[in-house]
Each structure stands twice: as C-alpha cells, then as structure tokens.
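Heads up: the sequence shown begins at 34 in our numbering, then just goes up one per residue.
Worksheet: the structure to be examined is printed underneath.
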Amino acid sequence: MRKPLIAANWKMFKTPAEATAFLTTFLPLVSQQSHAEVVLCPAMTSLAASIAAAAGSNVHIGAQTMHWLDSGAYTGETSPTMLKAIGATHVLIGHSERRQYFNETDTTVNLKLKAALAHGLIPIVCVGEHLEEREADLTAKVLELQTAVALEGIDAATAAPIVFAYEPVWAIGTGRTATPQIAEQAHKLIRNQIASSLTPAIAASTRILYGGSVKPDNAATLCCLEDIDGALVGGASLDPTSFAQIVLNSAA
Ligand code: 13P
Numbered sequence: 034m035r036k037p038l039i040a041a042n043w044k045m046f047k048t049p050a051e052a053t054a055f056l057t058t059f060l061p062l063v064s065q066q067s068h069a070e071v072v073l074c075p076a077m078t079s080l081a082a083s084i085a086a087a088a089g090s091n092v093h094i095g096a097q098t099m100h101w102l103d104s105g106a107y108t109g110e111t112s113p114t115m116l117k118a119i120g121a122t123h124v125l126i127g128h129s130e131r132r133q134y135f136n137e138t139d140t141t142v143n144l145k146l147k148a149a150l151a152h153g154l155i156p157i158v159c160v161g162e163h164l165e166e167r168e169a170d171l172t173a174k175v176l177e178l179q180t181a182v183a184l185e186g187i188d189a190a191t192a193a194p195i196v197f198a199y200e201p202v203w204a205i206g207t208g209r210t211a212t213p214q215i216a217e218q219a220h221k222l223i224r225n226q227i228a229s230s231l232t233p234a235i236a237a238s239t240r241i242l243y244g245g246s247v248k249p250d251n252a253a254t255l256c257c258l259e260d261i262d263g264a265l266v267g268g269a270s271l272d273p274t275s276f277a278q279i280v281l282n283s284a285a
C-alpha cells in the first residue's frame, strides 16, 4: 500500500555537468525497476540540468530546501513557486544540517511544509534525535515534538503527499547506522504521532524513510521493514552505481 521511496540528498556536491553525467549512467540502471519511486535532490544550481537530464524517465528531481513565501526581499532564498516553475517535484524540509547550521526550527519546518503542500510539491520532512538526546532517553520526546510541530495546523485532507524521513543525527555521515530494531521503533513513534496529529488513516498511508549511512550492502535490511518505507541517502547516493544498487537492493 505504501510504495517505497528512495531519495538521494546530494548536499553541497555536484555541478550541473556532474549531475548530468550522473544521470547518464544512473537512468539505464534503474529504468526497469518499478517497485520504488526514485528522487534525486541536487543543489539549487544543478536542479535545472538534472530536471532536463531526467525528463521522460522514472526519476524525479527535488530541492534540498526552500523558503515558505512565494517571493520577497530574502536574499539568497528560493521560493516554492520558483521550484515548481522549473519542474521540481519534491523538497526536503528540515534536514538536520539545516537545523544545525542554518537555524531551521520546528516552526520554520511547519511553515515550509504548509507551503510545499499549497504549491503541490511533495515534502520530505526530516526528523531525528542527536546522540546526547538518545543517551538521555529523550528520543521519543524529540521525535514526537518534531513531528507534532511540523504538522501543526495541517488539514488531514491535504496531508496525503507528506513523506517523513527519520534521520538519527548520530548516523548521518558517520558510517554508524541505526539497527533495524531502533529504526523500526522510531518509525512507529513517528507514525503514532502522525495518527494523533492528523488521522490514523493518514498515518497508515504516510511513507517514513530511514536515513543515516545507508549503503548498498545495508539497504536491503534497513530500507523496507514493516514501518520503513524507503531511504534518504547522502554519501552513497553520489555515485550512480552505488545509488542504483541501493534502489535495486531495496526491492522487498
Ligand atoms: P549519509 O547517507 O551520508 O549518512 O547522509 C544521510 C543524510 O543526511 C541524507 O539526508
């Protein structure tokens, strides 16, 4: 019922030429698969080239962040209207690196989520606890709060496109992954919070991805368990063969 989604977060890597070269190699490797939706999130300057290179394929292109307003005097920002205008279909919201280095808060995540839904962009909302929070037994509290504030004021009737990504901060870029048990437990917590904030039916149909050191060799065990509906991949998504392998290995 929930189609797996495998998303690449390229962070601050790849020029337009490098993004195009990636797609030239990557598209044939995944053209025959249909079990998962595949999304690439390049840097803003490589969005247009990626969208052009992926045209007509089964791969979608999304942004890594955006502002919540349509336009305005916000130097350096990109609006949802601008993303839609060039053909982006998805947007990452509230990645932990945005929260950590660029002052994103649960409140701005909420504003961005509402803007994405209003503009027909598929939002991938990132939540996750820091190591100190996990060690202090605060994981449940952190995940519930991040999820609840993200969903504040959202009408269940508009919530179907929302995707969540559980990215434990201690597993990002560290080579350390959550065990499938830890990830499943976190995903259940997030799903229960979605049920309380919206409705049980929305919670049952919302995809929750796992992110944090997903690689080709752990994709099969981490991507697609009972409550895990795909992956958000950083480092291992930069190489076309490696990311294609993750997509193919995630087939249940
Ligand atoms: P890594 O896969 O490099 O750990 O990054 C995960 C991530 O931050 C995806 O958004």
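Glycine included, each C-beta is placed from N, C-alpha and C at the ideal position.
From a predicted model like this one, the values you see are computed outputs, not experimental measurements.
Name the residue from 278, 283, 284 whose alpha carbon lies nearest to the alpha carbon of residue 60.
-> Cα-wise, what sits closest to residue 60 is 278.
Determine the contact status of residue 232 and residue 182, defining contact as a CB-CB distance below 9 Å.
-> With a cutoff of 9 Å on beta-carbon distance, residue 232 and residue 182 are scored as not near each other.
Could you name the residues of the same chain whose beta carbon sits closer than 8 Å to that of residue 69, not counting the 5 residues immediately before and after it, in chain order?
-> Excluding residues within five positions, the ones whose Cβ falls inside 8 Å are 36, 37, 38, 39, 263, 280, 283, 284.
Where the beta strand (DSSP E) through residue 158 begins and ends = Secondary structure note for residue 158: its beta strand (DSSP E) is the uninterrupted segment 155-160.
Which ranges does the beta strand (DSSP E) cover as unbroken runs of at least 3 residues, wholly within the region 125-182, from first to last along the chain?
-> 155-160, all fully within the region 125-182.
Does the ligand 13P have even one heavy atom less than 8 Å from the beta-carbon of residue 282?
-> Placement of the Cβ of residue 282 at a distance of 8 Å or more from every heavy atom of the ligand 13P is found.
Pairing CB atoms from the region 64-83 with CB atoms from the region 140-153, are three or more of them under 8 Å?
-> Contact fails: fewer than three Cβ-Cβ distances are below 8 Å.
Please report how far the alpha carbon of residue 156 lies from the alpha carbon of residue 124, in whole angstroms.
-> Cα-Cα distance, rounded: 5 Å.
Helix, strand or coil: which one does DSSP assign to residue 240?
-> Residue 240: strand per DSSP, three-state reduction.
Simplified DSSP state of residue 68, which is helix, strand or coil = In the structure shown, residue 68 sits in coil (DSSP, three-state: anything other than H, G, I, E or B).
C-alpha gap between residue 204 and residue 259, whole angstroms | The C-alpha of residue 204 lies about 20 Å from the C-alpha of residue 259.
Which one or two residues does DSSP pair with residue 94 in a beta bridge?
-> DSSP, once it has assigned bridges, lists 73 as partnering residue 94.
If you compare alpha carbons, which of 177, 255, 253, 154 is closest to residue 222?
-> For residue 222, the nearest C-alpha among the options comes from 177.
What residue range is occupied by the uninterrupted beta strand (DSSP E) comprising residue 258?
-> It is not in any beta strand (DSSP E) - residue 258 carries neither H nor E in the DSSP assignment.
Give me the Cα-Cα distance between residue 173 and residue 57, rounded to the nearest whole angstrom.
-> If I take the Cα positions, the gap works out to 42 Å.
Paired residues, beta bridge with residue 197 - DSSP = 158, 241.
When we look at the beta-carbon of residue 276 and count the other beta-carbons within 10 Å, is it buried (16 or more) or exposed?
-> Burial of residue 276 is indicated by the presence of at least 16 other C-beta atoms within 10 angstroms of its C-beta.
Pick helix, strand or coil for residue 271, following the three-state DSSP scheme.
-> Assignment of residue 271 by DSSP, reduced to helix, strand and coil, places it in the coil class.
At which residues does the alpha helix (DSSP H) containing residue 119 begin and terminate?
-> It spans 113-119 - the alpha helix (DSSP H) in which residue 119 sits, taken as one unbroken run.
Would you check whether the ligand 13P has a heavy atom nearer than 8 Å to the C-beta of residue 145?
-> Not under cutoff, so the answer is no.
Is it right to say residue 164 is buried, meaning 16 or more other beta carbons lie within 10 angstroms of its own, or is it exposed?
-> For residue 164, the number of other beta carbons within 10 angstroms of its own is below 16, and it is reported as exposed.
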